[in-house]
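Chemist:
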Amino acid sequence: MRLHTIVLVSTAVLLAGCSSSSSGGDDDGGARTSPPPSSGAPSGTPGARGEPRTVAADLEVPWAVAFLPGGDALVTERDSGRVVRVAPSGQKTVVGTVPGVEAQSEAGLLGVAVSPSYASDHLVYLYYTAAADNRVARATYDGRLGTPEPIVTGIPKGPNHNGGRLAFGPDKMLYITTGETGDGPLAQDKNSLAGKILRVTPDGRPAPGNPFGNRVWTYGHRNVQGLAWDDEGRLYATEFGQNRFDEINLIQKGRNYGWPEAEGDEDGDGFTKPLLTWTTDEASPSGLAYADGSLWAAALRGERLWQVPLDDGKAGRPVARLQDRFGRLRAVAEAPDGTLWVTTSNRDGRGDPASGDDRVLSVQPG
Numbered sequence: 007m008r009l010h011t012i013v014l015v016s017t018a019v020l021l022a023g024c025s026s027s028s029s030g031g032d033d034d035g036g037a038r039t040s041p042p043p044s045s046g047a048p049s050g051t052p053g054a055r056g057e058p059r060t061v062a063a064d065l066e067v068p069w070a071v072a073f074l075p076g077g078d079a080l081v082t083e084r085d086s087g088r089v090v091r092v093a094p095s096g097q098k099t100v101v102g103t104v105p106g107v108e109a110q111s112e113a114g115l116l117g118v119a120v121s122p123s124y125a126s127d128h129l130v131y132l133y134y135t136a137a138a139d140n141r142v143a144r145a146t147y148d149g150r151l152g153t154p155e156p157i158v159t160g161i162p163k164g165p166n167h168n169g170g171r172l173a174f175g176p177d178k179m180l181y182i183t184t185g186e187t188g189d190g191p192l193a194q195d196k197n198s199l200a201g202k203i204l205r206v207t208p209d210g211r212p213a214p215g216n217p218f219g220n221r222v223w224t225y226g227h228r229n230v231q232g233l234a235w236d237d238e239g240r241l242y243a244t245e246f247g248q249n250r251f252d253e254i255n256l257i258q259k260g261r262n263y264g265w266p267e268a269e270g271d272e273d274g275d276g277f278t279k280p281l282l283t284w285t286t287d288e289a290s291p292s293g294l295a296y297a298d299g300s301l302w303a304a305a306l307r308g309e310r311l312w313q314v315p316l317d318d319g320k321a322g323r324p325v326a327r328l329q330d331r332f333g334r335l336r337a338v339a340e341a342p343d344g345t346l347w348v349t350t351s352n353r354d355g356r357g358d359p360a361s362g363d364d365r366v367l368s369v370q371p372g
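Now the structure itself:
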């Protein structure tokens with residue numbers, strides 16, 4: 007059964023009080039954009055009621071955010087390979103540098119996830135680009151990052167389309183997003199780890215119940231960037247398109263999401279259509295979170311935070327937040343206090359950083 011798809015074009019953005027950003031393809035090499043000076047408050051200080059608050063500033067391409075018990079977060083820096091602990095007060099502490107990270111273009115230290123059993127095992131999980139591959143490793147964390155132990159290796163790597171998001175699901179399995187590294191046919195090869203959403207046990211083995219007897223959960227992806235579950239346990243993912251449409255997909259076991267044979271809402275035999283599409287200049291959606299009945303997607307080229315209301319797994323009309331205020335937005339995660347932490351990505355080579363970039367913002371949902 008086909009999923010109902012919402013296609014959001016520039017006229018819809020105008021209805022939401024938005025205007026289109028610079029046109030072009032996806033985030034792999036579009037024109038650079040220049041954010042205006044940030045209106046965020048100084049690091050660790052509150053903004054006006056309802057206004058975003060700058061939690062931390064002067065980070066180097068923060069790529070992912072994962073919260074620890076107690077409310078502090080671990081933030082990965084893509085190009086430096088560092089893991090930074092950020093407190094809600096704004097205090098920053100470099101707690102480790104991942105050895106062997108090879109940063110180039112979109113490659114480097116990417117995702118981070120905290121074990122659902124952290125209270126007993128003190129494990130964190132990291133996705134990074136190494137000399138020969140992309141890989142997932144786990145390490146103990148008890149104030150300092152221990153030596154990473156690879157648990158999934160052999161994920162194809164490239165300058166672009168490396169995927170990289172990590173998230174534990176309600177089933178306590180680890181979900182991993184990978185890109186097809188610019189080699190489209192890999193996305194349709196169920197024996198390749200590229201262009202997939204993978205589902206593994208906490209020690210990296212294929213999870214019980216996977217559809218193909220390996221680590222693959224879904225396939226036919228170009229470059230999945232964000233993962234989030236709603237209150238009913240439905241999984242959603244953001245994905246970069248090529249020249250026409252970026253996507254949010256409702257992820258279901260064993261489904262084929264079409265790439266490279268289909269992009270956006272194109273028809274194809276056996277392909278699952280996206281839940282929602284944008285034109286590429288409005289989105290380049292990266293991180294994804296679920297909070298307050300909506301999905302929240304951070305947009306790189308679109309330079310805004312998209313709110314997508316959900317009703318029983320169906321998408322309502324998206325609304326743009328923070329448009330053209332903070333430049334490129336990369337990660338979004340729900341904090342224990344119910345706010346959203348959003349990172350900028352203006353030092354990634356495709357934006358013009360303002361003073362204090364890159365930063366972590368705290369945003370009130372709703």
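In the numbering used here, the protein residues as written are 7 to 372.
Positions of the beta carbon are idealized from the N, C-alpha and C atoms, including for glycine.
Small disclaimer: the values here were computed from a predicted structure and weren't measured.
1. Does Ala137 pass the burial test, meaning 16 or more other C-beta atoms within 10 Å, or should it be called exposed?
2. Secondary structure at Asp209, three-state DSSP: helix, strand or coil?
3. If we count the other Cβ atoms within 10 Å of its Cβ and call it buried at 16 or more, is Thr99 buried or exposed?
4. Could you tell me how far apart the beta carbons of Leu233 and Thr285 are, in whole angstroms, since I believe they sit closer than 8 Å?
5. Using only CA atoms, which one of Gly164, Leu132, Ala173 lies nearest to Glu155?
6. Ala138 lies in the beta strand (DSSP E); which residues open and close that run?
7. Going by DSSP, what residues sit across from Pro373 in a beta bridge?
8. Buried or exposed: which applies to Asp287, given that a residue is buried once 16 or more other Cβ atoms fall within 10 Å of its Cβ?
9. Around the Cβ of Ala297, are there at least 16 other Cβ atoms within 10 angstroms (buried) or fewer (exposed)?
10. If you count every other CB in all the chains shown that lies within 10 Å of the CB of Pro1, and 16 or more means buried, which is it?
11. Could you check what DSSP says for Thr183 in three-state terms: helix, strand or coil?
12. With distances taken between CB atoms, is the gap from Phe251 to Asn262 smaller than 7 Å?
13. Do you know offhand how far Lys178's Cα is from Pro208's?
14. Using a Cβ-Cβ cutoff of less than 6 Å, which residues in the same chain neighbour Arg221 once the five nearest sequence positions on both sides are dropped?
15. Give every residue of the same chain whose Cβ lies closer than 6 Å to the Cβ of Leu328, excluding the five residues on either side of it in the sequence, and list them in chain order.
16. If we require 3 or more residues per run, which beta strand (DSSP E) segments fall completely within the segment 106-172?
17. Do three or more CB pairs link the segment 148-162 to the segment 109-122 at distances below 8 Å?
18. Between the beta-carbon of Glu83 and the beta-carbon of Pro68, is there less than 7 Å?
19. If you check the beta carbons only, do Tyr134 and Val107 fall under 7 Å apart?
Modeler: Answer, in terms of the structure:
1. In the sequence shown, residue 137 corresponds to position 131, counting from 1. Classification for Ala137: exposed.
2. Position 203 of the sequence shown, counted from the first residue, corresponds to residue 209. Three-state DSSP puts Asp209 in coil, outside helix and strand.
3. By one-based count along the sequence shown, residue 99 stands at place 93. With fewer than 16 Cβ atoms within 10 Å of its Cβ, Thr99 is classed as exposed.
4. In the sequence shown, counting from the first residue as 1, residue 233 sits at position 227. In the sequence shown, counting from the first residue as 1, residue 285 sits at position 279. Between Thr285 and Leu233 the Cβ distance is about 23 Å, and since that is not below 8 Å, they are no contact.
5. In the sequence shown, counting from the first residue as 1, residue 155 sits at position 149. Considering only alpha carbons, the answer is Leu132.
6. Reading the sequence shown from its first residue, position 132 is the one you call residue 138. Run containing Ala138: none; DSSP gives neither H nor E here.
7. Any property of residue 373 remains undetermined from this structure, which presents the chain solely from 7 to 372.
8. Counting from 1 along the sequence shown, the entry for residue 287 is found at position 281. Burial call: buried.
9. Here the question's residue 297 lines up with position 291 in the sequence shown. Ala297 is buried by the Cβ-count criterion.
10. The structure shown does not extend to residue 1, since the chain spans only 7 to 372, so no value can be given for it.
11. Locating residue 183 in the sequence shown gives position 177, where the first residue counts as 1. Three-state result, Thr183: strand.
12. Taking the sequence shown and counting its residues from 1, the one referred to as residue 251 is at position 245. Taking the sequence shown and counting its residues from 1, the one referred to as residue 262 is at position 256. No. Outside cutoff.
13. Working through the sequence shown from its first residue, we reach residue 178 at position 172. Working through the sequence shown from its first residue, we reach residue 208 at position 202. Their Cα atoms are separated by approximately 8 Å.
14. Working through the sequence shown from its first residue, we reach residue 221 at position 215. These residues qualify, in order along the chain: Leu204, Val206, Pro212.
15. Translated into the one-based positions of the sequence shown, residue 328 becomes position 322. For Leu328, where only same-chain residues beyond five positions count, the Cβ hits under 6 Å are Arg310, Leu311.
16. 115-120, 129-135, 140-146, 155-161
17. no
18. Reading the sequence shown from its first residue, position 77 is the one you call residue 83. Reading the sequence shown from its first residue, position 62 is the one you call residue 68. Contact: yes.
19. Locating residue 134 in the sequence shown gives position 128, counting from the first residue. Locating residue 107 in the sequence shown gives position 101, counting from the first residue. A contact, by the Cβ cut-off of 7 Å.
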